[in-house]
Every structure is written in C-alpha cells, then in structure tokens.
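Below is one structure, written out as structure tokens; the observations come after it.
In the working numbering, the protein residues as written are 1319 to 1559.
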C-alpha cells in the first residue's frame, strides 16, 4: 500500500479524525451489532500502528448517526442510514517535535457495493469536496477570519490501487488585505475501502523551520504501515465471519 502525499493544515490547529459526514445525531439511533462495531474499530489507526514517534493529542471517539452535513440527505442516505457504532474515529496523533498530525475514521457499510458507491457518487463530487473545505475552514475562521482553504488537488495517480478510492489536498491561505495567498499549511483527506469498510485518514501539518528535511518520508512510512495493519485486521475479521 502506498500512501498519498503527506499534508498540512492552517494555523497549527490539528484537524480532528476525519468524519465521513457531520451533522445532528438522530433522536432514536439503533445500535450496530458487536461484530460491526469490532470491524469499524479494526480500521482505526492505533498508537502501535503509527509507532513510537507519535503521541496522542485527542482520544478516540464513536460518531453518532447523523442526519445532516456533507454527503447526508437529501444527497444520499448511504451514511445516515447506518446504525450507531458503525462509524468510529481514531485517536489524534502528533509526530514528535513538529506540527504534523494524523487521525483516521472507519465506517462499516451494509455492503461493499455501498462503500464503493459512497466513494464514487458522494466523496468524489465537487459538492462534497467544497462542503468539506468549508467544514475545515470554520474552526480556523472562528479564530481568525483571514484564514481559508483552496482545493489544490482532487485526485492522485495512485487512485484505484489497493482500495485507494479518493484523495483531496487542501492548501491553507491567509489574507493580509490584498487577497488570499498560500500559507505554509495543508490538509489532505484520503479514502480507502476494504470490502465494506471505508477508512478515511487526514494528515495535517504546519511546516516548521526545524522540521527534518525527510520528515515527509518518515511520516509517509508510518502512515503506510498503519494503513496496512488496519487492512490486515479487517481482512482477518472478515475471513473469520
């Protein structure tokens, strides 16, 4: 498995583990069975996966069922119809002595066809990408409205390999009064599917003057390993079911 290019985020504030969508929890969510919850958690990056150079900055979470946000009704019901426990978020990790962060989410769809449809008919659309851009901008603009993002890339030459389904790179920008100009931060979102499980991970960083020149290589190797371990866990559970 080869990871997409490492990414960066504005202002130095880490993004949370990426959610497939956001919105208002349903009032009476039904609960996924234990096997589905275990499968979703198997797709998350762990401390053991990313390695000893990373420290936890935020705890893992379980995402509630949602009825609004990017990729939710009326656009699609693929995500909003899932039960509680089917979407999980990993801890947030920070690479030592840097502002490089990684986090992941894992969602179990009813079928592999649904996971593929989510990527092809929702995740890859411009409407979804622009919605996610606005979601990424909001916490930054709440601090300083001069921050923004632009979509720098919305694909990768590696798409289609080893379940790699979608990739978006957001470039941070700052407006000092003459219009937005590129800043030193990016955020990328990469989506993979293993059978009916969708793994999405974000890489976020603000470049630092003291960062090692090969930090991108080191981070990519750690994320690549974490993704492979998540793949292996999912496939082991699927074979046993």
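Backbone N, C-alpha and C define an ideal beta-carbon position, used for all residues, glycine too. Note that this is a predicted model, so its numbers are computed, not measured.
Review point. Mapping DSSP to helix, strand and coil, what is residue 1487?
Key: The DSSP-derived three-state label of residue 1487 is strand.
Practice item. On the DSSP bridge assignment, give the partners of residue 1380 in chain order. Key: DSSP, once it has assigned bridges, lists 1406 as partnering residue 1380.
Review point. With distances taken between CB atoms, is the gap from residue 1541 to residue 1510 smaller than 8 Å?
Key: When the beta-carbon positions are compared, residue 1541 and residue 1510 stay at least 8 Å from each other.
Exercise for review: Could you tell me if residue 1503 is buried or exposed, where buried requires 16 or more neighbouring beta carbons within 10 angstroms of its beta carbon?
Suggested key: Under the 10 Å beta carbon count, residue 1503 is surrounded by 16 or more other beta carbons and is classified as buried.
Check your understanding: Does DSSP classify residue 1342 as helix, strand or coil?
Key -> With a pLDDT of 46 at residue 1342, under the threshold of 50, the modelled position of that residue is not reliable, and no figure is offered here.
Practice item. To the nearest angstrom, report how far apart residue 1465 and residue 1452 are at their CA atoms. Key: Going by the C-alpha atoms only, they are around 11 Å apart.
Check your understanding: In whole angstroms, what separates the C-alpha of residue 1408 from that of residue 1374?
Key -> Distance from the CA of residue 1408 to the CA of residue 1374, rounded to the nearest whole angstrom, comes to 10 Å.
Point to revise | Reduced DSSP category for residue 1427 - H, G, I as helix; E, B as strand; rest coil | key: Three-state result, residue 1427: coil.
Point to revise | Beta bridge counterpart(s) of residue 1471 as assigned by DSSP | key: BP columns for residue 1471 point to 1487.
Check your understanding: Where in the region 1512-1544 do unbroken runs of the beta strand (DSSP E), each at least 3 residues long, occur, reported from the N-terminal end onward?
Key -> Listed in chain order, they are 1515-1524.
Point to revise | For residue 1461, the first and last residue of its enclosing alpha helix (DSSP H) | key: Where residue 1461 is concerned, the enclosing alpha helix (DSSP H) stretches over 1444-1461.
Practice item. Using a threshold of 8 Å, state whether the C-beta atoms of residue 1402 and residue 1350 are closer than that. Key: Less than 8 Å divides the Cβ of residue 1402 from the Cβ of residue 1350.
Check your understanding: Measuring CA to CA, which of 1556, 1483, 1398, 1378 is closest to residue 1387?
Key -> By alpha-carbon distance to residue 1387, the top candidate from 1556, 1483, 1398, 1378 is 1398.
Exercise for review: Verify the contact flag: residue 1368, CB atom, against every heavy atom of the ligand GDP, threshold strictly below 7 Å.
Suggested key: Ligands displayed in this structure: none; no statement on the ligand GDP is therefore possible.
Check your understanding: Candidates 1441, 1426, 1534, 1449: which alpha carbon is nearest residue 1352's?
Key -> Looking at 1441, 1426, 1534, 1449, the one whose alpha-carbon comes closest to that of residue 1352 is 1426.
Check your understanding: So what's residue 1432 in DSSP terms, helix, strand or just coil?
Key -> If DSSP states are grouped into helix, strand and coil, residue 1432 belongs with the helices.
**Study point:** Contacting residues, own chain, Cβ-Cβ under 8 Å from residue 1392 (five flanking each side not counted)
**Key:** Here the set comprises nothing.
Point to revise | In DSSP terms, what residue 1391 is bridged to | key: According to DSSP, which records beta bridges pairwise, residue 1391 is partnered with nothing at all.
Exercise for review: Specify, as a first and last residue, the run of the alpha helix (DSSP H) that residue 1359 falls within.
Suggested key: 1352-1360 is the span of the alpha helix (DSSP H), which, as asked, contains residue 1359.
Review point. What is the rounded straight-line gap between the Cα of residue 1456 and the Cα of residue 1462?
Key: Spanning the alpha carbons of residue 1456 and residue 1462 requires a straight line of approximately 10 Å.
**Study point:** Sequence-distant residues of its chain with Cβ nearer than 8 Å to residue 1432 (five each side left out)
**Key:** Answer for residue 1432: 1396, 1514, listed in chain order.
Practice item. Kindly list the residues whose CB is nearer than 7 Å to the CB of residue 1551, restricted to its own chain and excluding five residues on each side of it in sequence; keep chain order. Key: The beta carbon of residue 1551 sits closer than 7 Å to those of 1360, all from its chain and outside the five residues before and after it, given in chain order.
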